[in-house]
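Down below is the structure, laid out as C-alpha cells.
2 protein chains.
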Amino acid sequence: MAGPLTYRDAGVDVEGKARLLETLGAAITQTYGPDVSPWGGFAGILRLPAGTSQIAITIDGVGTKTVLARRLGQDRAIGSDIVAHCANDLVAAGVRPLCFADCVTMGRLDELLLTTLIEGMSEACARLGIPLIGGETAEMPGVYHEEAYDVVGAMVGSVIAYLGPAHVCAGDQIIGLASTGLHTNGYSLARRLVENLDLSQYEESLGAPIGAALLAPHPCYAPAVLSLLDAMPVHAAAHITGGGLPGNIVRILPPGLRARLEPSWPVPPVFPFLQQLGALDHAEMRRTFNLGVGMVLVVSLSDAARALEILRGAGETARVIGGVVPGNRDVVFT
Amino acid sequence: MAGPLTYRDAGVDVEGKARLLETLGAAITQTYGPDVSPWGGFAGILRLPAGTSQIAITIDGVGTKTVLARRLGQDRAIGSDIVAHCANDLVAAGVRPLCFADCVTMGRLDELLLTTLIEGMSEACARLGIPLIGGETAEMPGVYHEEAYDVVGAMVGSVIAYLGPAHVCAGDQIIGLASTGLHTNGYSLARRLVENLDLSQYEESLGAPIGAALLAPHPCYAPAVLSLLDAMPVHAAAHITGGGLPGNIVRILPPGLRARLEPSWPVPPVFPFLQQLGALDHAEMRRTFNLGVGMVLVVSLSDAARALEILRGAGETARVIGGVVPGNRDVVFT
C-alpha cells in the first residue's frame, strides 16, 4: 500500500459530507415551524399538538424506481415520492402526519443528487405542512452498485380516527382514488421490461414521454383523506402498494366479508403498455401494480355520495369501485 | 422472452415475502405491550405515556458492517446493533425511546437472513422495553449487490430532558462510556484493510477471534443514560459515531468553549490493529473511529462523582475523560 490509507480512500468522504449537510440546512429548515428544535442535534424534536394521546410510525422505501429515475435523469421527483408514500400509509391508518425523517444511501456520495433529493423531500414536506426533522446520509461502497441509491423515509403522526377491519360492514361502499401510474411499486419488473427498449419510440402510444409515464409522481392523498376523516366516519382505508388491489384490500376485511370490485375505472396507459411488453397475465398485473387506483376508502352506503363530493372537492378523481358483501375474506373482480 | 414474465422472474417474490412476514409476526409481537395496535396495519400505533408533550425521531443505518457480518456469518448482531444505535442517538438528545421501526433491503430476499435480523431487532427492542411497531422489507435487484443487504432503523421517543450546547459551561466534566469496538462506524475503511488477510492468524494479538473483535456489538447505553437523566441535570450528551470524538463532541459545544480530552482510557486492541494495517495517522483514526469511547456525557463538576457512580451502577465502564474550558469551539487532545 503506497502511503497511509484514509477513510476517504476507502470510499467515504466525511468532510465533504459535513460541508454538504451545511448547505442542505437551508432546504430542510424551510419546513420548520415554531414547534421544531434547531437542526443539527442527535435527534429531531417536535412539540405535539395538544391532546395527542396516540402516535403512529411508518417506514418505507421507494424501491428500484431510483434506478429508472437515474437512467432518465429525473431524480427530483423521488424526494416527493417517498414523502407521499409515507403520508399515504399514515392516513390509511387514520393518522395525521406530524413529521418526517429520511435516510439516503448511495454507493458513492453524489452531492448534486443528494441536494436534488433533499430539496424534493423538503418541498413535499412543506406542501404537507410537516417538518423534515431527521436524516441520515450514508455512503456504502461494496453494498450498492456504484451509481445506485436508495431512499428510505419514516413518518410519524397522531391518531385521529380508528379505521380497520373491525369497522367494515356488508353493504359498505369502496371508493377508489385515481393513481397516476406505478407510484413506487413494480419497478423491478417494469425496469426489466424496458431495459433493452429505445424508449423514445413509445411516446405516441402512451400519450406522454415514456419517462414521464413510468416515473409519474406518487400522489399524496393525505390532504383529501384527512378532509374525509374530519367529515365522516371512514370505516377503513388501504394504500395500494406492493400486492396491488387484492393484496392491500384484503388487509382491511374482517372474516366473512368480501370486497367485490367492478373494474370500470380508467387504467393509465402505462399499465397495458407494460402488460403487452411482458405478456403478463391479469392476475400478475393485479398483484403487482395498482392499475389505476392508488388509495381505497371504505364508507357506509349512506355516506358514499358525500364522501365522493369531499374527495373531489379536495382535488382527487374519486369513484365508487365496488362494495363489501358477505363471502370469504377475499377480493374478487366482477 | 419465453412465456409470460412475472414479478418473481424480475427478482421480487411477493408471495414468499407475505408467507415469511407471517412467520416473523411471532418475534415482532413479543415486543408488544398493551399500548400497541395489532400487527399488520398500514402503520404501527402506540399510546403515548401520559404527559408526553414533545417527541423526537432518529433514523440511521448500520453502514457496511453488514458486509463483514455476512462474510463472517454473524448477522444476528446486526439487528441489535441498529436498535442500539438509534436508542443511543435518542438518549443523547434527552429522549426516552418509545418505539422502533425497521427497513431491511436486500439484493435478493434471503429468508433465513431476514428472520435472523428481525429476531435480533425484536430481542433488542424487548430488552429496551419498546415495541417494534413498523417495518418494511424490500428486494432491490440492480441496486444492491446480490449478497448485500442494508438495515435502516427509525426510533421515536418522548423528550424528558433538554440537553445541548446552551447548557454546557466552562468547568463541566466530560464523562466517557467505554466502547466495545467499531460499533457501526468506520467499516468501509476497516473492510478494505482486512479484505485480503487471512484473519485467523491475528487472533492472538487481538486477544479474541478477529470476527468477534471487528463485529463487537454496538452497546445500548440507553438504560444507563436514562438513569442519569432521572437523577441529575445532564448538560449535554454525544453519541460517538461517524466523525469520532472530535466530530461529535463539537456538536454539543457553544461558541467560546473547548473540550479538552485527556486520552488515558483503554483503547480496544482492534483500533491499534487497524491503525497498523493501514499505517493510519492519529488524526485520521480520531475522526473515523470512536477509539474506545462510545458515548460522552457532560455534567457539572459537582455532579461528576455521583454521575460516575450511577453509570457504573447501571453496568457501564465510565470515567472522566476531559473537561470543558474557554477556547475556540473545538476538541483538543492533551
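Protein sequences appear in the order of chains A and B. Residue numbering for the first sequence follows our numbering, starting at 1 and increasing by one per position. Residue numbering for the second sequence follows our numbering, starting at 1001 and increasing by one per position. Note that beta-carbon positions come from the ideal geometry of N, C-alpha and C, so glycine has one too. Everything numeric in this text was worked out from a predicted model, so none of it was measured.
Secondary structure note for B/M1285: its alpha helix (DSSP H) is the uninterrupted segment 1282-1288. For A/V296, the enclosing beta strand (DSSP E) has its first and last residue at 293-299. The shortest C-alpha to C-alpha distance from B/T1116 to any of B/G1134, B/G1247, B/L1021 is the one to B/L1021. Assignment of beta-bridge partners to A/P326 by DSSP yields A/L257. For the stretch 1118-1137 of chain B, the beta-carbon criterion of a distance under 9 Å to any beta-carbon of chain A is satisfied by I1133, G1134, G1135, E1136.
Between A/V62 and A/V151, the C-beta spacing is below 9 Å. At least one beta carbon of chain B lies nearer than 9 Å to the beta carbon of A/L98.
Relative to B/E1262, the option among B/F1289, B/V1293, B/R1127, B/H1085 whose CA is nearest is B/V1293. By the 16-neighbour rule on beta-carbons within 10 angstroms, B/C1169 is exposed. With the criterion set as a beta carbon lying under 8 Å from some beta carbon of chain A, the members of the stretch 1081-1093 of chain B are D1089, L1090, A1092, A1093, in sequence order.
Contact annotation: in the stretch 51-71 of chain A, residues whose CB is within less than 8 Å of a CB in chain B are T52, S53, Q54, I55, A56, I57, T58, I59, D60, G61, G63, T64, T66, V67. The C-alpha of A/V234 lies about 20 Å from the C-alpha of A/T58.
Boundaries of the beta strand (DSSP E) harbouring A/Q173: 173-178, taken from the DSSP string. With a beta-carbon spacing of about 6 Å, B/R1047 and A/S53 fall inside the 8 Å limit used to define contacts. Scanning the stretch 1193-1279 of chain B for uninterrupted alpha helix (DSSP H) segments of 4 residues or longer gives 1203-1206, 1210-1214, 1222-1231, 1244-1249, 1270-1278, listed from N- to C-terminal end. With a cutoff of 9 Å on beta-carbon distance, B/P1097 and B/A1208 are scored as not near each other. Taking a Cβ-Cβ cut-off of 7 Å, the neighbours of A/V152 in chain B comprise C1103, V1152, given in sequence order. Contact annotation, A/Y149 with A/V104: C-beta distance approximately 7 Å; criterion of less than 8 Å satisfied. With a cutoff of 9 Å on beta-carbon distance, B/L1277 and B/M1285 are scored as not near each other. Neighbours of A/G41 in chain B, taken as residues at a C-beta separation under 7 Å, are given in chain order as A1093, G1164.
Taking C-beta separations shorter than 7 Å and ignoring five residues to either side along the sequence, the partners of A/V299 in its chain run D172, Q173, I175, M232, V234, H235, A307, following chain order. Secondary structure at B/D1303: helix, using DSSP grouped into helix, strand and coil. Nearest CB-CB separation between B/E1022 and chain A: not below the 9 Å threshold. In terms of Cα proximity to B/T1317, the closest of B/R1329, B/M1295, B/N1328, B/Y1202 is B/M1295. Shown here for B/V1225: same chain residues with a beta carbon closer than 6 Å to its own, the five before and five after excluded, namely V1091 in chain order.
Of all alpha-carbon atoms in A/P165, A/P217, A/V83, the one lying nearest the alpha-carbon of A/I252 is that of A/P165. The residue from A/A18, A/D110, A/G94, A/D81 with its alpha-carbon nearest to that of B/S1037 is A/G94. In the DSSP assignment, B/L1098 falls within the unbroken beta strand (DSSP E) covering 1095-1106.
The alpha-carbon of A/G41 is positioned some 31 Å away from that of A/K65. For A/D60, the uninterrupted beta strand (DSSP E) run begins and ends at 54-61, by DSSP. Residue burial is scored here from C-beta neighbours: A/R19 has fewer than 16 other C-beta atoms within 10 angstroms and is therefore classed as exposed. In terms of beta-carbon proximity, A/R76 stays away from the interface with chain B, with every pair separated by 9 Å or more. By the criterion of a C-beta distance shorter than 6 Å, B/R1329 is surrounded in its chain by L1253, P1255, once the five residues flanking it on both sides are discounted. If you draw a straight line from the Cα of A/Y187 to the Cα of B/Y1187, it comes to about 31 Å. Counting other Cβ atoms within 10 Å of its Cβ, A/A69 reaches 16 or more and is therefore classed as buried. For A/D150, DSSP records a beta bridge to A/T105.
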